[in-house]
Amino acid sequence: MSSGAEKVVIVGAGPAGIRAAEMLVSAGIKPVVIDEGMKAGGQIYRRPPDGFTRSPQQLYGTEADKAVALHGRFDQMVAKGQVDYHPQSSVLACANRSLHALTPSGRREFGYDRLILATGATDRLAPVPGWQSPGVYSLGATQIALKAQGVALGRKIVLAGSGPLLTLVATQLLKAGAEIEAILDTSSLRTQMTGLPGMLARPGLVLRGMMMRAKLGRLYHAGVKILGIDADECGPVSIRWQDARGTLRKSDCDMVGIGWHLRAETQLAGLAGCQFDYDTGWAQWLPRTDRMGRAAERLYLAGDGLRILGADGAEVAGRLAAHACLSDMGLAAPDSSADLRRLRRYERFARGMARAFPWPAEMVRRTPDETVVCRCEGITAGQLRESVDYGGAEANRVKSLARVGMGRCQGRYCQLAGAELIAAKAGISVCDAGRLREQAPVRPAPIGAWVRDA
Amino acid sequence: MKPHPRTGRIVRLSETARPRVHFHLDGSPCEALAGDTVLTAVLSSSHHLRQSEFGPEGRAGFCLMGACQDCWIWQADGGRLRACSTPVMEGMQLLTEAPAGWPS
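Heads up: the sequence lines are chains S and B, in that order.
Residue 180 in the UniProt record's numbering sits at position 180 of the first sequence; the count goes up by one each step and never skips.
Residue 18 in the UniProt record's numbering sits at position 18 of the second sequence; the count goes up by one each step and never skips.
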């Protein structure tokens, strides 16, 4: 087969997928782009539906130019017929060089010769007593509601967790006129300072973050312990927490947004044959690739689903993955040394961030027995701990026996905490608790999608 | 038929000049705006989308990006849809519990 006839499929149309598509198009390839969104852009540069009128400046702030450039470039490629674009389509499975996707017109198979996965990330969640109540959302969800719908998810909001989104979402909500009662950061100021040397790889971003933080004033509390969310049938009524000096406090609220930075979305990568390594800095399993994003033969990864570098890093990683793909096809690609330098700088910054706003391992290990760990099926920390005793200290065993990771989210929001709880119970390291094997379909799909008319 | 409170959990902060869309929630007439997701539309007049099958609490979605599967809501015809990623449509008949006669 000549390389010109090779079929390249990109999954995801966020910053990484768009830049990967752009580089392939400029080399004369017409990639298939499959994306779950109604419009291309991904999550951080998510676009509201038609009929909304806020300006890019209102939606994306200082990042408006980048968002407009990405959206514009992708729309232009679609308009010129340079990409075969399938929006609102979820890839469910990957096997034998073929993707199974649920599209608006039913299930469809997409064969490929080379696959670029740019599947992004979700919020990284830790269980908090009461987090199963209606009206507790991820920080990402809180931001999406504001950006894509122009709404707040409550009248009196508490944001809790740690990471760059905590400050950013708080800033955006206040600017839009929402009422915030408290912003609770589980990272202490001292811990945040330890990340500063790395973060200074991008001094502009540090400055911007500090200015945002300063404007939050007395709403922001560092070094807190989150004790629990009290709720009635309508949702949260208050959140209990301990401040940095050890004083017990309670904040009234009707909505809580929580999250601890991001978790790479890697299920399709696993199904496609990628290997994983436990990354102690990020406290999660991340795909094993070379610097360009090659994960296996004919498989390339880019964006937050590979390394959690945020949107700028995703653009770079998208170009690098496309570059690797083109080189492997024997086609010329532009010099990538500048992108590789940028990648190193973004990685230094991201490592600093991970250090400054860490996964709350100690909090998770002390999760009370009665606290729900699996939101899908209401399984508690006590039930999980019990299964470790009779089933063994391994994530897939615990999934089989206690069903943590078996529910509809397929472990996306419980498996990191689950592994931490297993490790604490058995006295082993969290990476020895193992990684959940991914299972297709990676999104729920109706059985009808597999039934063909006679 | 369960009455729904007049106000839900959603607070509209901007973009309120869009045309109105009408739908039914548990048989009661409700109003939303064109471009709302089903999640936004329902939570404008309610505090939850469905009942948890595994606990006493209601559920109102969680991730809003199609990953957590918390926001599946019933339709009167027996189908379900993911509220965070489905636009609300004129005349939709939505239910916070399974339709009568659905095996539980």
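All C-beta atoms in this analysis are idealised placements derived from N, C-alpha and C, irrespective of residue type, glycine included.
Discussion item. According to DSSP, simplified to helix, strand and coil, what is S/G110?
Written reply: This sequence places Phe at residue 110 of chain S; Gly is not what is there. Strand at S/F110.
Discussion item. Against chain B, with Cβ distances strictly below 8 Å, would S/Q43 count as a contact?
Written reply: yes
Fill in: Members of the region 22-53 of chain B near chain S, C-beta cut-off 7 Å
A34, G35, D36, T37, T40, H47, H48, S52
Worksheet entry | Residue-level contact to chain S via CB, B/G78, 8 Å cutoff | no
Item to complete: Kindly indicate which three-state DSSP category B/P19 falls into: helix, strand or coil?
Response: coil
Discussion item. Quick check on S/A16: buried or exposed, where buried means 16 or more other Cβ atoms within 10 Å of its Cβ?
Written reply: buried
Item to complete: To the nearest angstrom, report how far apart S/E179 and S/I157 are at their CA atoms.
Response: 6 Å
Worksheet item: For S/Y346, is the classification buried or exposed, using 16 other Cβ atoms within 10 angstroms of its Cβ as the cut-off for buried?
Response: buried
Discussion item. If you measure between the beta carbons of S/F357 and S/H261, is that distance less than 8 Å?
Written reply: yes
Discussion item. Could you check whether S/I258 and S/L125 sit closer than 8 Å to each other, using their CB atoms as the reference points?
Written reply: yes
Practice prompt. Output yes if chain S places a C-beta closer than 8 Å to the C-beta of B/E90; else output no.
Written response: no
Fill in: CB contact check: B/A67 to chain S, cutoff 8 Å
yes
Worksheet item: In three-state DSSP terms, what is S/M255?
Response: strand
Discussion item. Does the CB of S/S138 have a neighbour CB from chain B at under 8 Å?
Written reply: yes
Item to complete: Hey, could you find the ends of the alpha helix (DSSP H) S/T289 is sitting in?
Response: First-last for S/T289: undefined, no H or E at that position.
Worksheet entry | Against chain B: residues of the region 389-419 of chain S by CB proximity under 7 Å | R408, C409, R412, Y413
Item to complete: Would you give the residue range spanned by the alpha helix (DSSP H) that B/C30 belongs to?
Response: Not the alpha helix (DSSP H): B/C30 falls in the beta strand (DSSP E), residues 28-33.
Discussion item. Could you pull the DSSP bridge partners for B/V62 from this structure?
Written reply: Sequence check: residue 62 of chain B is Phe here, not Val. Paired residues: none, contrary to the question.
Fill in: Residue range of the beta strand (DSSP E) that includes S/D369
Segment: none, S/D369 is in no beta strand (DSSP E) and carries neither H nor E.
Fill in: Proximity of B/S52 and S/G378 at Cβ, strictly below 8 Å
yes
Worksheet item: So what does DSSP say about B/T96, is it helix, strand or coil?
Response: coil
Worksheet entry | Uninterrupted beta strand (DSSP E) stretches inside the region 60-122 of chain S (no shorter than 3 residues) | 84-86, 90-95, 98-103, 106-111, 114-117
Item to complete: Look at the alpha carbon of B/L33 and the alpha carbon of S/T194, and state the distance between them as a whole number of angstroms.
Response: 47 Å
Worksheet item: How long is the line joining the alpha carbons of S/L417 and S/T266, rounded to whole angstroms?
Response: One detail in the question is off: residue 417 of chain S reads as Ala in this sequence, not Leu. Cα to Cα, the separation comes out at about 17 Å.
Discussion item. Looking only at its chain, what residues have a beta carbon closer than 6 Å to the beta carbon of S/V316, apart from the 5 residues adjacent to it on each side?
Written reply: D339, R342, L343
Worksheet item: How would you write the range of the beta strand (DSSP E) that S/Y346 sits in, first residue to last?
Response: Where S/Y346 is concerned, there is no enclosing beta strand (DSSP E), although the alpha helix (DSSP H) it sits in stretches over 337-356.
Practice prompt. State yes or no: is the beta carbon of S/M1 nearer than 8 Å to at least one beta carbon in chain B?
Written response: Residue placement at S/M1 is poorly supported in this model, since its pLDDT is 43, which falls under 50; the coordinates still yield a value, given next. It does not: the Cβ of S/M1 has no partner Cβ on chain B nearer than 8 Å.
Worksheet item: Span of the alpha helix (DSSP H) holding S/A395?
Response: 395-402
Worksheet item: To the nearest angstrom, how far is it from the Cα of B/M65 to the Cα of S/A64?
Response: 21 Å
Practice prompt. Would you check if there are 3 or more beta carbon pairs closer than 8 Å linking the region 33-51 of chain B to the region 81-97 of chain B?
Written response: yes
Item to complete: Can you say whether S/K147 is buried or exposed, counting buried as having 16 or more other CB atoms within 10 angstroms of its CB?
Response: buried
Discussion item. Please report the distance separating the alpha-carbon of B/K2 from that of B/L94.
Written reply: Low confidence applies here, because B/K2 scores a pLDDT of 43, under 50, leaving its location unreliable; read the following figure in that light. Using only the alpha carbons, I get a separation of about 13 Å.
Fill in: Range covered by the beta strand (DSSP E) that runs through S/S162
157-162
Discussion item. For S/G106, which residues in the same chain have their Cβ closer than 8 Å to its Cβ, ignoring the five residues on either side in sequence?
Written reply: A449
Worksheet item: Which residues mark the beginning and the end of the beta strand (DSSP E) in which S/P49 is found?
Response: Note, S/P49: premise wrong, no beta strand (DSSP E); not H, not E.
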